[in-house]
Every structure is written in structure tokens, then in C-alpha cells.
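Protein chains in written order, with the UniProt record's numbering: chain G, 1 to 206; chain X, 1 to 301.
Quick reminder that beta carbons are idealized off the backbone N, C-alpha and C, glycines included.
Source: prediction; values computed, not measured.
Below is one structure, written out as C-alpha cells; the observations come after it.
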Amino acid sequence: MVNLFKRMRKLQTILDIRTGTGAAIFPSPTSATKEFPPVTRLHLTYARKIYNGHQGARHFWRNCLPRLKYHNPGVRMTVQQTDDQNAPPALTIYFAERLSSTASAIIGAKKIADKHAPAAESGEKTAVVDLKDLTYKEIWSRVQASTGAEEVPASAEDEVERKRLEAITAKAGKDRERIRGMRQAKKDQERMLAEARGEVEKLREL
Amino acid sequence: MSSYGTALPTVARGILSSCRPALREKSIAPSFSVFQQVRGAKSNPQARGKGKKDTKSDRKGPREFRQKNLKDMEQFALCDAMRYLRAVEVGREPTVSKYEVHIRLRTRRDGPVIRNMIRFPHAVQTESRICVICPPGSKQAKDALAAGAILVGEDEVFEAVKAGKIEFDRCLAHPDSLPALNKAALGRILGPRGLMPSVKTGTVVEDVASRVEMLRGGTVYRERDAVIRLPIGQLGFSPEQLRDNLRTTIDQIKKDASGLNDRVNKEIYEVVLSSTHGPGFSLNGEFKTDNSPETSALTGV
């Protein structure tokens, strides 16, 4: 089994799941308002490679979706990776009963269809957001604006923890530099000695 | 070396050549001791005790696997660990990602190890599809179908395979249809995929039905370096289902440990829940805490 301390260190990455871009709670049936109906599902479709503007969608999956899933464990989220580079990456948001008031403005006039998204169940309304050429932060701001998701601020302990981890990372960078210098100095020394020895041999051969 | 030889006077040459064996010995010696460390330490007592360096490698390590104190390790309730793991696995194929459990044992380095098979109350494998080659219409064919094989027969299976339609992950054969199988010459197609039934791999059996049953439900596990690792659930499982599976596993492992030998003492030290892509969460034995979400929220995709 992996060393306990390595495991403990690795486990600190769950801080990244709790906090960061996308750590927010969607309106649930209890907290929904007239403006923002509850969100029931999300579906993301993007292509395998990044060209034609598929990068942000993948980053959204990597960065934001775990946080969203952590804070909204009941909201189903699916991701479909395709080989079709020309189709635009799309995020389908499923609302219960009706679209939110801001959703249609966010989607814009250009409607796209996502053929990989699961069909809406009865009573669900879908809004398909075109993600082409958007960064994941832009995608997140759109999702937030259209669903009315409420950001979860990082708690004081999490903040302290994050600072501690950042300090460790900074220290690691410095240490790496220091060790690299030491190793380089040793290598230089050895090379110099080898060269000197070579000179002696040359002299001897003469 | 030869260039030296010509340039140097004869005396010097003599010195050099006398140096040579000494040099070589020195350069070889370390590699020898490494070799002994690797396999000589226990298996070859005669090789021990030559030279000074080896006395160090003779010393045995600790008798038991060292297990660190868990007091600094953050431990989680099952529902909380699942919440994190589901977040990590978001968007993955639900049939591919699995919950895994790693059970660490406090045990000696030598001695017997636990190895057994388990049947979970909720099957982990997403229906491994099994093909059985046996005479169609026979009793075995019926039994195999009843046990859950998806493809049973002789000629129709061969036809399908030759046409490139391989819609199964396991292939069994009955000894009666072995000649037909060999005649059909499927080794070219099935062989590279590891699906060709053969006596050597134990996939040619008399009692096809029970074998199908076993392949479908059972999970084989064994202890390696004081850890037992096994998949324990699909990502879509509810916390209750996972708890049932976990309980069954731990009960059986305790039973295995007590059934081994009187002198061997093995006990469970830590239970770690992980997933295909996730980190390991040490479990504290509780089901849920006040902060955990509803169990219905932790089910499904």
C-alpha cells in the first residue's frame, strides 16, 4: 500500500474539490425561486481534441464539474466525449418545469442542438449553451448566470489550509532550485577533474 | 590499454597488468552483494557470510509489516467518502468506474496469505457476458443458459465469431464439443483476445453451468504485502448497497483470517475506500455524519 504520508498528502487535494471556480449550489426544489427553477441534470458534450474551440469545455469538466458534483450530489451530470471536431461543444442544462428567466438571454439567438444529450423527461425544459471558444471560467459565469447558482465561500479553515499548501509549493520550488544548483556544481567539479586527467594522459602520450 | 602498453616502459606495463585484476575485483564486488541481497539472502545459505559486506544484508528486517499510527490520518464516514469519490469520477463512464476497497492487515511478513473468492450481495461486475460452446439442445446447454450465459451452441457461435461478431468477454467450452471447436479453427481469432477455451486455462469444464455461475458473481481476491484490494461496487450504487458489500467483504476476510492457522494472527488495521480515478479515503466505520447528503442523492450517475 502507498505510504501513509503520501496518501495523506494526496488527500489534501480534496480541498480543490470543495473550493474554487464552480463551488456553488444550484437551486434545489426547496430553495428554488420563481426566477430560478431547480436544476435537475447537466450534460456536457465536447470533442476529443482541442481545436475548433473544444478546450474550455474539457477544462470545465476537469475543473468545475467535480466541484458542482460535490456541492450538488443529487444533480445528475453526464459527459460525452465525441470524435466530431466540427460540432460545437455544448452544455445542456435541464430545468424542472420551466426555463429560468435569464437562460434564454444567455443562450442567445443561435440555437444549437446536442444530439448526444439524453432526452428531457416529462416536465423538464432544456437550455443548450454553445461553449465554442469559451474558457472554462466564461462557461462557469454563464452557467451561474443562467441557473442562479449560489457560490459557496471557502471556510476559514479551508482558507488556512490553502495558504499552507501554497507555502509548501513555493518552498518546493525553491528547494528544487537549490538542489539543482548543488547537483550541477558537483557535475561541473567532476567534469573539470576528468578534463584535467585527460590533459595529463595527453601529456604522457607525447 | 594497448596504446599505453606501447608508450610505457616495460616496468610500468608490469605494474599496470598487476593492477588489473585488483581493479576488476573492486568493480564487480558491489554487484555481487546486490545479487545476494536479491535472492541469496534466504534461499541460498551457502552464499551467505562470505566477505565483510554481506553481514549487513544478512540482518532481517522487521518480522511484521510496519503499519504507521493512524492518528494523523483523516478518516471519513462512508457517505462523505462517497460524496468526494463521486465528485472525482464525475462524467466518467458509470460502467467503467468502480469503487475499490483496500483492506490493510496487521500481519507477519512470512506465513500464509489470505486468498479466496467472494460473492457480493450486489454484483459488481456489469454483467460479464459469457459464451458457452457445447452441443446445442443438450442438458448442459440448458443449464448454462439458465445460469446466465448469453450465447450457447456450437455452429452458430463459430459462424458468429468468424463473421467478426464477438459479443462476449468470457468463453467456456464443454469437452464434448472440443473436437468441433478445434475443427472450426478459431484459435486465430479467439487466441489473441484470450478467449480461446483450453484445458490449461481451466475454460474447458464438464460442469459448465456452475462455472458460468462462478464467473458471473464471484470476485477473486488475495493478500499482497498485507493489503487486500478488490472492487466493491459500481459507481451507481447507493450507500446502502455499498455498505452491504463492504460488510460482507469484511466479515468474510475476518473469517478467512481466523480460519488460517492457530498460530497466525491477522487482524484488520485499516479500511480504505477508493475508486478507479480517485484518492483513497480511510474509513472510520460510520455510515454517515450530520453533514452528509441524503443517501438517495449519492445514487446513480
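### Message
Is it the case that the stretch 13-33 of chain G contacts the stretch 287-300 of chain X, given that we only count it when at least three CB pairs across the two stretches are under 8 Å?
### Response
no
### Query
When you compare only the Cα positions, how much space is there between LYS162/X and ILE228/X?
40 Å
#### Entry: Reference ALA127/G, options ALA105/G, THR135/G, LYS137/G, GLU138/G, closest by Cα
ALA105/G
### Task
Could you tell me the distance, in whole angstroms, from the CA atom of HIS122/X to the CA atom of THR107/X?
Between HIS122/X and THR107/X, the C-alpha separation is close to 29 Å.
### Query
Could one say the Cβ of GLU88/G lies closer than 8 Å to chain X's Cβ atoms, at least one of them?
It should be noted that the sequence gives Pro, not Glu, for residue 88/G. False, the Cβ-Cβ gap to chain X never drops below 8 Å.
### Task
Assign ARG204/G to one of two classes, buried (16 or more other C-beta atoms within 10 Å of its C-beta) or exposed (fewer than that).
exposed
### Message
At the level of alpha carbons, what is the spacing between ARG183/G and LYS49/G?
### Response
39 Å
### Query
When the cut-off is 8 Å and only beta carbons count, does VAL88/X lie next to chain G?
yes
#### Entry: Proximal chain X residues relative to THR92/G, where beta-carbon distance stays under 7 Å
Simply none; closest approach about 13 Å.
### Message
As a quick exercise: from ASP16/G, ARG98/G, HIS59/G, pick the residue whose alpha carbon is nearest that of PRO37/G.
### Response
ARG98/G
### Message
Taking CB distances under 8 Å as the criterion, tell me whether LEU44/G reaches chain X.
### Response
yes
### Query
Taking DSSP as the reference, what is the three-state secondary structure of VAL301/X?
coil
### Query
ASP72/X versus chain G: which residues are under 9 Å apart at the beta carbon?
The contacting residues are LEU4, PHE5, MET8.
### Task
Closer than 8 Å, Cβ to Cβ, to anything on chain X: give me those residues from the stretch 139-168 of chain G, in chain order.
none
### Query
For the stretch 224-280 of chain X, which segments carrying the alpha helix (DSSP H) assignment without a break, of at least 4 residues, lie completely within its bounds, in sequence order?
If we require 4 residues or more, the alpha helix (DSSP H) runs fully inside the stretch 224-280 of chain X come out as 239-260.
#### Entry: Closest by C-alpha distance to ALA117/G, when choosing among LEU134/G, THR92/G, LYS125/G, LYS111/G
Measuring from the Cα of ALA117/G, the nearest candidate turns out to be THR92/G.
### Query
Shortest alpha-carbon distance to HIS71/G belongs to which of ASP72/X, VAL96/X, VAL88/X, TYR221/X?
Of the candidates ASP72/X, VAL96/X, VAL88/X, TYR221/X, the one whose C-alpha sits nearest the C-alpha of HIS71/G is VAL88/X.
#### Entry: For LEU44/G and TRP61/G, the rounded distance between their alpha carbons
Approximately 8 Å, taken between the alpha carbons.
#### Entry: GLY111/X beta carbon near the ligand FMN (any heavy atom closer than 7 Å)
The ligand FMN is not part of the structure shown, which contains no ligands of any sort.
### Message
If we define contact as Cβ-Cβ less than 8 Å, is VAL271/X a contact residue for chain G?
### Response
no
### Task
Go ahead and label GLU100/X buried or exposed: buried means 16 or more other beta carbons lie within 10 angstroms of its beta carbon, across all protein chains shown.
buried
### Anticipated Cβ contact below 8 Å, GLY259/X with HIS102/X, distance rounded
No, GLY259/X and HIS102/X are not in contact; Cβ-Cβ is about 22 Å, not under 8 Å.
### Partners in chain X for LYS69/G, counting only beta-carbon separations shorter than 9 Å
Going along chain X in sequence order, the residues near LYS69/G (Cβ under 9 Å) are ARG83, ARG86, ALA87, VAL88, GLU89, VAL90, GLY91.
### Query
How would you label GLY123/G, buried or exposed, when you count the other beta carbons within 10 angstroms and need 16 or more for buried?
exposed
### C-beta neighbour in chain G for HIS102/X, strict 8 Å
yes
### Query
For the alpha helix (DSSP H) that GLU121/G lies in, which residues bound it at each end?
No alpha helix (DSSP H) holds GLU121/G; DSSP gives it neither H nor E.
### Task
Step through the CB atoms of chain X and report whether any lies within less than 8 Å of the CB of LEU131/G.
no
### Message
Less than 8 Å between CB atoms is the rule here; does LEU298/X satisfy it with respect to chain G?
### Response
yes
### Message
Using 8 Å as the threshold, is the C-beta distance between LEU11/G and GLU74/X below it?
### Response
yes
### Task
Check ASP290/X in the structure and name its three-state DSSP category.
coil
### Query
Going by the beta-carbon positions, is the gap between HIS277/X and ARG86/X smaller than 8 Å?
no
### Query
Got a sec, what are the start and stop residues for the beta strand (DSSP E) LEU4/G sits in?
Not the beta strand (DSSP E): LEU4/G falls in the alpha helix (DSSP H), residues 4-11.
### Message
With DSSP as the reference, identify every bridge partner of VAL75/G, one or two as the case may be.
### Response
Its beta-bridge partners do not exist; DSSP assigns none.
### Query
PRO73/G versus chain X: which residues are under 7 Å apart at the beta carbon?
Here the neighbours are ARG83, ARG86, PRO293, ALA297, LEU298.
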